[in-house]
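Q:
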Amino acid sequence: QACATMALSTSACRSLTSLVRQPAVGVSASERRPRKALPAVLTATSILTLVIPSVHGSRVQRKRLQNLQMKGKRKKTQGQRALPRCVVFDLDGCLWSPEMYELSWDRGGAPFNYDAEGLMRDRRGCVISLHSGVEKALTELATDKKWKGVSVAVASCCDVPPWAFELLGKFEIGPSKMKMNELIAISQIHKGSKQGHLREIQSVVGCDFEDMIFFDNEPGNCHNVAGLGVTCIYCPEGVTSRVWSSGIEVF
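Every position in the sequence shown, counted from 1, becomes a number in the numbering used here once 8 is added.
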């Protein structure tokens with residue numbers, strides 16, 4: 009399967025012919041919420057970044073997608089890559105699976121605890137799993153000196169915010185077993201538009217929208233937030249190591 013990363017702006021939008029999606033980690037295809045198909049043509053008032061797991065088409069089509077890659081407008085010092093001042097993640101379907109509404113349908117949910125095998129389970133025994141690249145991304149943000157001074161935030165419209173807050177306080181990351189909420193400085197977990205979430209986060213951090221990067225598994229949310237000028241990483245299968253690396257590369 010081919011993997012393509014591309015950045016699109018209003019003047020560089022093209023049709024995407026077909027996307028192949030696979031179930032997220034820890035969730036069967038039958039358990040997942042049906043998602044709307046990605047629009048054939050994407051438009052945005054600013055750069056909209058997509059990390060797409062599979063793109064079908066001819067060599068010419070794939071080459072055309074590769075040619076749409078755009079370098080960020082941020083100035084970089086010699087030998088140094090520009091980094092965002094604020095990294096924002098969605099939660100349900102982006103950092104972990106299953107989503108909170110799925111747990112509530114099964115009469116599960118809080119309390120959450122690790123079992124003897126190190127798996128996070130809800131009260132009915134359902135396993136809540138972090139996506140494959142989450143630990144890498146968060147460990148890097150917490151320990152790599154290049155990320156010093158960068159704010160990490162979450163923006164979520166999940167159905168049961170208290171459950172999300174509990175999981176953030178119980179999931180352990182890296183050898184030091186740091187809790188996720190020890191790294192995440194700002195949490196906007198409530199109903200509303202993602203653009204509203206990002207506005208609130210931006211006001212706290214005090215940076216420009218162009219200095220923010222946002223990871224989300226829903227294309228509609230990426231459209232919504234891209235209008236602010238935020239670099240958006242569309243990751244339909246959640247944050248994987250490749251998504252994380254590719255997103256920072258594109259910024």
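The beta-carbon is built from N, C-alpha and C at its ideal position, and this holds for glycine as well.
Computed from a prediction, not measured in an experiment: that's the story for all the values here.
Which first and last residues belong to the beta strand (DSSP E) in which Thr147 is found?
A: Sequence index remark: in the sequence shown, residue 147 carries index 139 (1-based). From DSSP, Thr147 is part of no beta strand (DSSP E) but of the alpha helix (DSSP H) over 142–151.
Q: Just the C-alpha distance for Glu39 and Asn225, rounded to the nearest angstrom, thanks.
A: For the purposes of this step, residue 39 is taken as the residue at position 31 of the sequence shown. For the purposes of this step, residue 225 is taken as the residue at position 217 of the sequence shown. Reliability fails at Glu39, whose pLDDT of 41 lies under 50, so the model's placement of it is uncertain and no value is given.
Q: Quickly, what does DSSP pair Thr248 with across the bridge? List them, please.
A: Counting from one through the sequence shown, the residue named residue 248 turns up at place 240. Answer by DSSP bridge pairing: none, since Thr248 is not bridged.
Q: If you drop the 5 nearest sequence neighbours on each side, which residues of the same chain put their C-beta closer than 6 Å to that of Trp104?
A: Mapped onto the sequence shown, residue 104 falls at position 96. These residues qualify, in order along the chain: Ile136, Leu138.
Q: With burial defined as no fewer than 16 other Cβ atoms inside 10 Å of the residue's Cβ, what is the status of Lys153: buried or exposed?
A: For the purposes of this step, residue 153 is identified with residue 145 of the sequence shown, where counting begins at 1. Classification of Lys153: exposed, given that the 10 Å Cβ count is below 16.
Q: Return yes when the Cβ of Arg115 is within less than 8 Å of the Cβ of Asn121, no when it is not.
A: Counting from 1 along the sequence shown, the entry for residue 121 is found at position 113. Counting from 1 along the sequence shown, the entry for residue 115 is found at position 107. With respect to the 8 Å criterion, Asn121 and Arg115 are not classified as neighbours on the basis of their beta carbons.
Q: For a quick check, are the C-beta atoms of Cys243 and Val251 less than 8 Å apart?
A: Position 235 of the sequence shown, counted from the start, is the residue given in the question as residue 243. Position 243 of the sequence shown, counted from the start, is the residue given in the question as residue 251. Yes. Within cutoff.
Q: Give the DSSP-derived three-state secondary structure of Ala172 in the structure shown.
A: Taking the sequence shown and counting its residues from 1, the one referred to as residue 172 is at position 164. Reduced to three states, the DSSP call for Ala172 is helix.
Q: Scan the stretch 185–220 and note each continuous beta strand (DSSP E) run of 3 residues or more that stays entirely inside, going in chain order.
A: 194–197
Q: Based on the DSSP secondary-structure assignment, which residues constitute the bridge partners of Ala161?
A: If you number the sequence shown from 1, residue 161 lands on position 153. Among the bridge pairs identified by DSSP, Ala161 is matched with Val96, Ile194.
Q: Check for me: the beta strand (DSSP E) holding Cys240 runs from which residue to which?
A: Here residue 240 refers to the residue found at position 232 when the sequence shown is read from its first residue. Looking at the DSSP string, the run of the beta strand (DSSP E) that includes Cys240 is 239–242.
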